[in-house]
Every structure is written in structure tokens, then in C-alpha cells.
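Engineer: Please see the structure below; I have some questions.
Protein chains: 2
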Amino acid sequence: MITIAVDAMGSDLYPKADVEGAVLAAKEYRVNIILVGDENLIKPELEKYETSKINIQVVHAPEILCMDDKGLSLVLKARRPNSKNSMAVGLDLVKAGKASAFVTAGNTGAASVSAYFRLGTIPGVDRPALAPVFPTAKGFCIVLDVGANPDVKPINILQFAIMGKIYAEKVRNIENPTIGIISNGEEAGKGNQLVKDSYPLLSSSNLNFIGNVEGKEVLGGKVDVAVTDGFTGNVMLKTSEAVAKLIIDKIKENIKSGGLAANIGGLLIKKSMGNIKKLMDPSEEGAAPLLGINGLVFIGHGRSNSTAIKNAIRIAKQASVSGVLDSIRESVKESLENID
Amino acid sequence: MITIAVDAMGSDLYPKADVEGAVLAAKEYRVNIILVGDENLIKPELEKYETSKINIQVVHAPEILCMDDKGLSLVLKARRPNSKNSMAVGLDLVKAGKASAFVTAGNTGAASVSAYFRLGTIPGVDRPALAPVFPTAKGFCIVLDVGANPDVKPINILQFAIMGKIYAEKVRNIENPTIGIISNGEEAGKGNQLVKDSYPLLSSSNLNFIGNVEGKEVLGGKVDVAVTDGFTGNVMLKTSEAVAKLIIDKIKENIKSGGLAANIGGLLIKKSMGNIKKLMDPSEEGAAPLLGINGLVFIGHGRSNSTAIKNAIRIAKQASVSGVLDSIRESVKESLENID
Numbered sequence: 001m002i003t004i005a006v007d008a009m010g011s012d013l014y015p016k017a018d019v020e021g022a023v024l025a026a027k028e029y030r031v032n033i034i035l036v037g038d039e040n041l042i043k044p045e046l047e048k049y050e051t052s053k054i055n056i057q058v059v060h061a062p063e064i065l066c067m068d069d070k071g072l073s074l075v076l077k078a079r080r081p082n083s084k085n086s087m088a089v090g091l092d093l094v095k096a097g098k099a100s101a102f103v104t105a106g107n108t109g110a111a112s113v114s115a116y117f118r119l120g121t122i123p124g125v126d127r128p129a130l131a132p133v134f135p136t137a138k139g140f141c142i143v144l145d146v147g148a149n150p151d152v153k154p155i156n157i158l159q160f161a162i163m164g165k166i167y168a169e170k171v172r173n174i175e176n177p178t179i180g181i182i183s184n185g186e187e188a189g190k191g192n193q194l195v196k197d198s199y200p201l202l203s204s205s206n207l208n209f210i211g212n213v214e215g216k217e218v219l220g221g222k223v224d225v226a227v228t229d230g231f232t233g234n235v236m237l238k239t240s241e242a243v244a245k246l247i248i249d250k251i252k253e254n255i256k257s258g259g260l261a262a263n264i265g266g267l268l269i270k271k272s273m274g275n276i277k278k279l280m281d282p283s284e285e286g287a288a289p290l291l292g293i294n295g296l297v298f299i300g301h302g303r304s305n306s307t308a309i310k311n312a313i314r315i316a317k318q319a320s321v322s323g324v325l326d327s328i329r330e331s332v333k334e335s336l337e338n339i340d
Numbered sequence: 001m002i003t004i005a006v007d008a009m010g011s012d013l014y015p016k017a018d019v020e021g022a023v024l025a026a027k028e029y030r031v032n033i034i035l036v037g038d039e040n041l042i043k044p045e046l047e048k049y050e051t052s053k054i055n056i057q058v059v060h061a062p063e064i065l066c067m068d069d070k071g072l073s074l075v076l077k078a079r080r081p082n083s084k085n086s087m088a089v090g091l092d093l094v095k096a097g098k099a100s101a102f103v104t105a106g107n108t109g110a111a112s113v114s115a116y117f118r119l120g121t122i123p124g125v126d127r128p129a130l131a132p133v134f135p136t137a138k139g140f141c142i143v144l145d146v147g148a149n150p151d152v153k154p155i156n157i158l159q160f161a162i163m164g165k166i167y168a169e170k171v172r173n174i175e176n177p178t179i180g181i182i183s184n185g186e187e188a189g190k191g192n193q194l195v196k197d198s199y200p201l202l203s204s205s206n207l208n209f210i211g212n213v214e215g216k217e218v219l220g221g222k223v224d225v226a227v228t229d230g231f232t233g234n235v236m237l238k239t240s241e242a243v244a245k246l247i248i249d250k251i252k253e254n255i256k257s258g259g260l261a262a263n264i265g266g267l268l269i270k271k272s273m274g275n276i277k278k279l280m281d282p283s284e285e286g287a288a289p290l291l292g293i294n295g296l297v298f299i300g301h302g303r304s305n306s307t308a309i310k311n312a313i314r315i316a317k318q319a320s321v322s323g324v325l326d327s328i329r330e331s332v333k334e335s336l337e338n339i340d
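If you read the protein sequences in the order shown, they are chains A and B.
The working numbering puts the first residue of the first sequence at 1, with every later residue one more than the last.
The working numbering puts the first residue of the second sequence at 1, with every later residue one more than the last.
Right, here's the structure in full:
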């Protein structure tokens with residue numbers, strides 16, 4: 001059975017949401033869990049659940065990396081061989097082969113830096129990429145990078161495309177996924193210097209590259225994978241979340257202040273609006289993979305609830321059985337041979 | 001009375017929407033209009049309206065710049081002294097002092113290039129910026145640049161901030177507008193190289209600079225002006241439009257397929273939803289100024305209807321009486337003196 005290491009100290013509601021999510025996942029997805037974190041906090045939480053028929057271990061890690069850990073202090077905590085924070089200990093379990101993947105809802109920066117130092121990158125990859133899915137009119141689109149690398153080179157964009165393609169195929173079961181590069185216009189030739197320089201690399205690759213894409217193609221579901229630098233991807237992600245929040249808040253406000261008819265209407269469409277919230281809710285997907293790391297690492301939203309943690313563990317299990325890591329290793333190697 | 005030159009061949013529905021919008025604006029805002037374009041198409045359209053009490057002239061321009069005009073061919077058409085396309089002729093009216101501003105719903109690229117060659121830039125500005133407003137929880141935020149310049153330098157970002165500030169003050173009546181730079185994190189120090197290099201210029205200026213902002217600050221209404229490179233701004237704008245469309249489409253879909261109760265609910269909230277559509281509708285604002293050009297130029301969406309054209313003319317009139325152009329000239333000059 002697959003074993004997943006879960007950061008019990010990751011979410012804003014740690015360890016409650018993390019422990020509950022792990023218990024739910026162990027029951028629902030037949031997966032072994034190692035909860036990593038302060039056992040004095042985890043054990044009382046775990047005792048609230050019936051766990052006799054599932055396999056949940058606790059590995060003690062007394063320290064936590066948090067939002068305040070950054071810069072050199074973060075690097076040192078992430079690198080030290082004997083680090084006792086939950087991320088370091090969890091990632092070491094993956095490195096030692098004791099877990100197939102590590103799931104955390106902790107700070108994205110801390111998780112990325114820790115993963116980079118403890119697991120390293122896949123040979124040939126110098127920039128790992130965070131690859132969440134965006135909801136679209138037709139399903140979803142994997143967008144990468146959304147944050148790990150604000151400044152990248154065309155070769156990184158090509159590698160993002162390769163990694164996104166394989167993840168879409170192996171973990172999301174998309175056959176021959178279509179790939180676009182995010183730009184400020186659909187026409188070939190549009191773009192900033194990075195897009196212009198990356199375009200020929202993508203179009204001469206054996207990827208199913210369809211060219212430049214804009215918001216309407218990504219959200220409209222015209223591509224399965226969209227690549228961009230981590231700065232642009234991060235702005236896209238956060239703008240999408242903010243626009244969704246604005247619209248939903250404004251609809252509520254307008255219904256509330258719209259008189260009796262609108263109030264009744266609001267009640268009658270409550271279920272439909274619930275579906276929309278679900279569509280835009282990051283907890284449905286749970287977590288995003290940090291692709292390019294030499295091991296499976298999934299990073300969830302700090303605001304993760306137990307459903308998000310549960311879903312993140314489901315995705316981590318799917319990735320573990322899919323062989324996605326080996327496929328990325330091979331494809332990156334091949335692509336480098338083709339360029340040489 | 002202020003005179004505005006309006007491209008009659010700009011919108012996708014030309015000359016119908018453009019002419020109708022001009023007639024509506026002339027009646028509502030007490031402004032003289034010069035419609036520029038093919039008089040054989042404009043005159044029959046204009047005859048549909050009662051125009052005896054308003055001042056609308058037609059200046060003949062037999063040619064049109066369209067989506068297919070790009071690259072060198074566009075440059076040549078935009079530059080030629082005797083160009084007879086509606087953008088060139090309209091911009092020449094501004095240059096000659098016969099109109100205070102030019103409004104077009106034509107192709108953004110063609111309008112920007114034409115404005116650049118025919119009116120030039122304000123001394124000291126080497127990059128004009130397209131500056132639309134985004135709807136926010138509290139009102140609006142001016143975001144610039146959203147398209148004119150995919151690759152810029154820190155000095156351009158500083159100039160965008162100066163121009164955005166003055167436009168917010170003079171045309172949108174915001175006192176001491178707050179200014180943010182769009183980044184992949186709120187904390188100072190976050191950002192790509194451009195953000196990191198622009199930050200000190202902004203914070204040492206006399207602008208009301210509040211630091212890095214993300215989607216939630218822009219859409220949440222925490223800043224009046226947000227500056228970014230044209231690539232990122234364009235991706236933000238198009239992503240916002242696409243997310244808004246996705247959500248509204250999905251709500252409709254869910255209500256439609258949600259059974260009788262949801263269907264009735266949908267009818268009862270129709271007015272509230274109409275307000276949302278209005279909030280997200282670019283025609284409410286009409287057009288965005290191309291700031292930094294040595295003349296007032298407003299560029300609207302190709303999908304502009306007559307309301308959008310009318311509103312664009314209203315904004316163009318406001319800008320004309322506001323003295324925004326002179327203020328930008330002075331402030332750019334001052335800022336360059338401070339840097340030297």
C-alpha cells in the first residue's frame with residue numbers, strides 16, 4: 001500500500017484540519033499515512049477519531065516553519081541535516097523511501113525551499129514549478145509556474161511544458177494534452193521577450209503545442225496545460241481568486257439589498273451558487289505538485305480545511321502510483337539530449 | 001465648448017455603434033463631435049437621428065486600420081503624413097488643435113502605434129501606457145500598463161505611477177491616490193527583477209506609494225492606481241474578464257439545470273445579476289486613456305456598443321477640461337529633474 005507523509009503542522013488550523021484530513025483519506029483511499037509534527041499536539045487530536053482499521057503513524061517533529069521563516073534563516077533551517085521541523089522531517093521520509101510523497105498546507109515558500117534542499121531537483125531541471133489546476137468551462141487547466149520562479153529562461157519554460165504535459169497525462173489522465181504559453185495576444189509573435197524566446201523551443205519540441213494563449217483560452221478550457229513564468233502565473237492565480245471573490249460577494253450584496261423578491265430568489269438558487277463556490281474552491285483540488293523536485297511534493301493552501309487535506313492526499317496517492325516522477329526524469333533527459 | 005474627434009470606423013459594429021454613441025454623447029454631455037471615417041457610410045447612419053440641436057461634423061477618411069494591420073505595414077500607414085485612415089485623420093485633428101481628444105474603439109495596437117507616430121510622446125516619456133479601470137469592491141482601480149509595452153524598465157514603471165496618479169486626481173477626482181506595484185507577494189522584497197528594481201524608485205518618490213499589491217488588493221479596492229509592465233497587466237486584464245465570464249456562465253448553467261426552484265430563483269434575482277454584469281462590463285467605463293502620448297487619446301473595446309462610445313466621449317471630455325495633460329507634462333519633467 002502507498003504511504004504518504006503529511007505535514008500535521010501545515011494548515012492555518014493545524015493540527016486539527018491536517019489530522020482530520022489524514023484520517024478521512026486513510027479511510028476513503030486505502031492509503032497509509034505518516035503524520036509529521038509535534039506529537040504532543042497530534043496525538044490528542046488523533047484520539048478523537050476511530051483509527052483501529054486504518055494505518056496512521058506519527059513521526060515526531062517538534063519545530064515548525066512558518067510565514068516568518070524566510071531568507072537565510074529559512075535556507076539554514078531547510079538545509080541542516082538534523083532539522084527537526086515538520087517539513088524537513090516529512091521530506092526526509094520521502095528521501096529515505098519511507099513515504100512516496102509529502103503533503104503540506106504550510107507556507108509555499110518554506111515548502112519549496114525545503115523540498116529543493118532536502119530532495120534536490122530531477123537531473124537537468126534547475127527550476128521546479130508549482131503547478132495548480134485552474135477551473136475552466138470544460139474542466140481544468142494546469143498552469144505552471146505560479147510562484148516558485150519569478151524570473152526564468154526559455155529552457156525553464158520548455159521544462160515546465162514537459163513536466164506539465166507528463167503530469168496531465170499520468171496523474172490527470174489527459175491523452176496528448178494541449179499546451180499553450182500565456183501571452184498578451186493569441187497571435188504568434190505577441191509576447192514579452194521571454195515568450196518570444198520560448199516560443200521556438202516549444203514549437204520545435206514534440207509537445208502538442210498550440211501557441212500563445214490568453215485568459216479566455218485558459219479559463220475557456222482550450223488548453224490542458226498553460227506555461228508561464230512564476231511571476232505572471234502567480235499574478236494570474238491571485239487575480240483569478242480575487243475576481244471570483246469580488247463577483248460572488250457582489251452577487252450576495254445585490255441579492256441582499258434587492259428587496260423581497262431578490263431575497264427569495266437568493267434562497268432558491270442557494271444550491272446552484274454552492275456549485276459555483278465548489279467550482280472556484282481550491283480545497284476541491286487540495287494541493288498543487290511542485291514539479292521538478294526529485295520526489296513527490298504537494299503544497300496546499302494555508303487555508304486548507306480537512307477536505308482539502310483529504311483531497312491533497314488523494315492526488316498524492318494518484319501521483320505515487322502513476323510513475324509520473326520516472327516519466328519526468330526520462331523526458332527531461334531526452335529533451336536535453338535533443339538540444340545538445 | 002469642448003470638441004472630441006471620434007473614430008466612426010472603430011467598433012466591431014462600425015459605423016452604427018460609433019455614430020449612435022456620438023449622437024447620444026453630444027446630446028447628453030454638451031460636447032461638439034467630429035466623426036472621422038468614410039462619409040458614405042457615416043452620413044446615412046447619422047441621418048437616422050435628430051441632430052439639429054447638436055453639433056456633429058463629419059470629416060472624411062476613406063481608409064480603415066484593422067486587425068490585419070500590423071508590423072511594418074502598420075507603421076507605414078500610421079506614419080505617412082498623408083494617411084487617409086480614420087485613426088490618422090482623427091489624431092491629426094487633435095494635433096492641429098481642432099479637437100481636444102480622440103476616441104476610438106478600433107484595434108488597440110493600431111491606435112497605439114498611430115497615436116505614437118502622429119502625436120508623439122510627452123517629453124521625457126518613452127513608453128505610453130494604456131490605463132483602464134478595474135472594478136473593485138469599493139469602486140475602481142486604474143491599472144497601467146495593460147498592453148502597450150510588454151518589456152519595460154524601472155523608469156517606465158515610475159512614469160506609469162506618475163501618470164496614473166495624475167489621471168486619478170484630475171479625471172477621477174481621487175485625492176492623493178494610493179499607488180501599488182503588482183507583485184507575487186505583498187511583502188517588500190517579493191517580485192521579479194523588474195519589481196525589485198522599480199520598488200526603490202517608487203518609494204523614494206513623492207508618490208503615495210504603499211508597496212507591493214496582489215489581486216486581492218487591486219480587486220478589493222485597497223489602491224487607486226496599480227502599476228505593472230504591459231505584459232503582466234494585459235494577462236491580468238484578460239484573466240479577469242475570462243474569470244468573470246466563466247463564473248457568470250456557470251451560474252446561469254447551474255440555475256438552468258437546477259430544477260424549478262432554481263429557475264424561479266434565477267428570475268427573481270435577474271435584476272441583481274444585471275447589476276453584476278454592469279459592474280464587470282467594460283462599456284460602463286467606455287475607454288481607457290493612452291497616457292504619455294502628447295495628446296488625449298482614448299481606446300475602447302472592439303466590442304463597444306453605443307453606450308460604451310457615449311461613455312468614452314464623456315471621459316474624454318472630462319479629461320479635456322481637467323488639464324491632465326499639462327499636469328502630466330509638468331510632473332514628468334520634475335521627476336526627471338529629481339533623478340538627474
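Beta carbons are placed, not taken as given, at the ideal position from N, Cα and C, and that holds for glycine.
All values reported here derive from a predicted model rather than from experimental measurement.
Going by beta carbon distance, what residues of the same chain come within less than 7 Å of B/Gln-318, once the five residues before and after it are set aside?
Structural biologist: These residues qualify, in order along the chain: Val-171.
Engineer: Please look up how many angstroms separate the CB atoms of B/Ala-25 and B/Lys-310, rounded, as I've assumed it's under 8 Å.
Structural biologist: Confirmed, Cβ separation roughly 5 Å.
Engineer: Tell me whether the region 65-81 of chain B and the region 288-300 of chain B touch, counting them as touching only if at least three CB pairs, one residue from each stretch, are closer than 8 Å.
Structural biologist: Counting Cβ pairs under 8 Å, fewer than three are found: no touch.
Engineer: Ends of the beta strand (DSSP E) at B/Asn-32?
Structural biologist: Note, B/Asn-32: beta strand (DSSP E), 32-37.
Engineer: Taking Cβ to Cβ, would you say A/Asp-92 is nearer than 8 Å to A/Arg-118?
Structural biologist: Cβ atoms of A/Asp-92 and A/Arg-118: closer than 8 Å.
Engineer: When DSSP builds the beta bridges, which residues end up paired with A/Ala-288?
Structural biologist: DSSP output for A/Ala-288 lists A/Ile-299 as bridge partner(s).
Engineer: Leaving out five residues before and five after B/Ile-344 in sequence, what residues of the same chain have Cβ atoms less than 8 Å from its Cβ?
Structural biologist: As displayed, chain B neither begins before 1 nor continues past 340, which places residue 344 of chain B out of reach and without an answer.
Engineer: List the residues of chain A that B/Asp-69 touches, going by C-beta distances under 7 Å, in chain order.
Structural biologist: Near B/Asp-69 there are no residues of chain A at all, since even the closest Cβ is about 13 Å away, more than 7 Å.
Engineer: Who does B/Glu-63 pair with in a DSSP beta bridge?
Structural biologist: Paired residues: B/Asn-85.
Engineer: Pairing CB atoms from the region 196-214 of chain A with CB atoms from the region 202-214 of chain B, are three or more of them under 8 Å?
Structural biologist: In short, these stretches do not touch, since the Cβ pair count stays below three.
Engineer: Tell me B/Asp-7's beta-bridge partners as DSSP assigns them.
Structural biologist: According to DSSP, B/Asp-7 bridges with B/Val-36.
Engineer: Return the CA-CA distance between A/Ile-162 and A/Ala-5, expressed in angstroms with no decimal places.
Structural biologist: Straight-line Cα distance between these residues: approximately 26 Å.
Engineer: Of all the CB atoms in chain B, is at least one closer than 8 Å to the CB of A/Val-218?
Structural biologist: Yes, A/Val-218 lies at the interface with chain B (some Cβ there is under 8 Å from its Cβ).
Engineer: Between the C-alpha atoms of A/Ser-183 and A/Leu-260, what's the straight-line distance to the nearest angstrom?
Structural biologist: One C-alpha to the other measures close to 45 Å.
Engineer: My output table needs one value for B/Ala-137: the three-state DSSP class, helix, strand or coil.
Structural biologist: Three-state result, B/Ala-137: coil.
Engineer: With 8 Å set as the bound, which would you pick, yes or no: does the beta-carbon of B/Ser-325 sit closer than that to a beta-carbon of chain A?
Structural biologist: Residue identity check: residue 325 of chain B is Leu in the sequence provided, not Ser. So no, B/Leu-325 is outside the interface.
Engineer: Would you kindly report the start and end of the unbroken beta strand (DSSP E) that includes B/Ala-101?
Structural biologist: Its beta strand (DSSP E) spans residues 101-104.
Engineer: What residues from chain B crowd round A/Thr-232, counting only those whose CB sits closer than 8 Å?
Structural biologist: In chain order: Phe-231, Thr-232 and Val-235.
Engineer: At a cut-off of 7 Å, would you count A/Ala-101 as near the ligand PLP, judging by its Cβ distance to the nearest heavy atom?
Structural biologist: With respect to the ligand PLP, the structure shown offers nothing to examine, as it has no ligands at all.
Engineer: Is DSSP giving B/Ile-155 helix, strand or coil here?
Structural biologist: B/Ile-155 falls in the helix class under three-state DSSP.
Engineer: Can you tell which of A/Thr-232, A/Cys-141 and A/Ala-99 has the C-alpha that lies nearest to the C-alpha of A/Phe-298?
Structural biologist: Selected option, being the one with the closest Cα: A/Ala-99.
Engineer: Closest by CA to A/Thr-178, which one among A/Gly-185, A/Gly-164 and A/Glu-186?
Structural biologist: When only C-alpha atoms are compared, the closest one is A/Gly-164.
Engineer: Using a cut-off of 7 Å between C-beta atoms, extract the partners of B/Glu-330 located in chain A.
Structural biologist: Simply none; closest approach about 31 Å.
Engineer: I'd like the list of long-range same chain contacts for B/Glu-39, defined as Cβ closer than 7 Å, with 5 residues on each side in sequence excluded.
Structural biologist: Excluding sequence neighbours, B/Glu-39 sits near Val-58 and His-60.
Engineer: How long is the line joining the alpha carbons of B/Gln-159 and B/Tyr-116, rounded to whole angstroms?
Structural biologist: B/Gln-159 and B/Tyr-116: Cα-Cα distance of roughly 16 Å.
Engineer: Decide if the region 212-229 of chain A is in contact with the region 224-240 of chain B; the criterion is three or more beta carbon pairs, one per stretch, under 8 Å apart.
Structural biologist: Touching, per the Cβ criterion.
Engineer: In the structure shown, what three-state DSSP assignment does A/Leu-130 receive?
Structural biologist: If DSSP states are grouped into helix, strand and coil, A/Leu-130 belongs with the strands.
Engineer: Are at least three pairs of beta-carbons, each pair with one atom in the region 275-285 of chain A and one in the region 266-280 of chain B, less than 8 Å apart?
Structural biologist: Cβ pair count under 8 Å is below three, so no.
Engineer: Name the DSSP beta bridge partners of A/Ala-226, please?
Structural biologist: Looking at the DSSP assignment, A/Ala-226 forms a beta bridge with A/Val-143 and A/Gly-180.
Engineer: Could you tell me the boundaries of the beta strand (DSSP E) in which B/Ile-2 lies?
Structural biologist: Per DSSP, B/Ile-2 belongs to no beta strand (DSSP E) and is neither H nor E.
Engineer: Cβ closer than 7 Å: which chain A residues qualify as neighbours of B/Asn-275?
Structural biologist: Ordered by position in chain A, the residues that pass the 7 Å Cβ test against B/Asn-275 are Asn-254.
Engineer: Between the region 46-58 of chain A and the region 18-38 of chain A, are three or more C-beta pairs nearer than 8 Å?
Structural biologist: Because the criterion of three Cβ pairs below 8 Å is met, the region 46-58 of chain A and the region 18-38 of chain A touch.
Engineer: So A/Val-31 packs on A/Met-9, CB below 8 Å; how close in whole Å?
Structural biologist: 20 Å between Cβ atoms; not a contact.
Engineer: For A/Ala-148, I'd like the list of residues in its chain whose CB is within less than 6 Å of its CB, leaving aside the five on either flank, ordered along the chain.
Structural biologist: Cβ within range, chain order: Ser-112, Pro-128, Ala-129, Leu-130 and Gly-230.
Engineer: Would you grab the beta carbon distance between B/Leu-394 and B/Ala-17 for me? Rounded to a whole angstrom, and I think it's under 8 Å.
Structural biologist: There is simply no residue 394 of chain B to check, as chain B begins at 1 and stops at 340 in what is shown.
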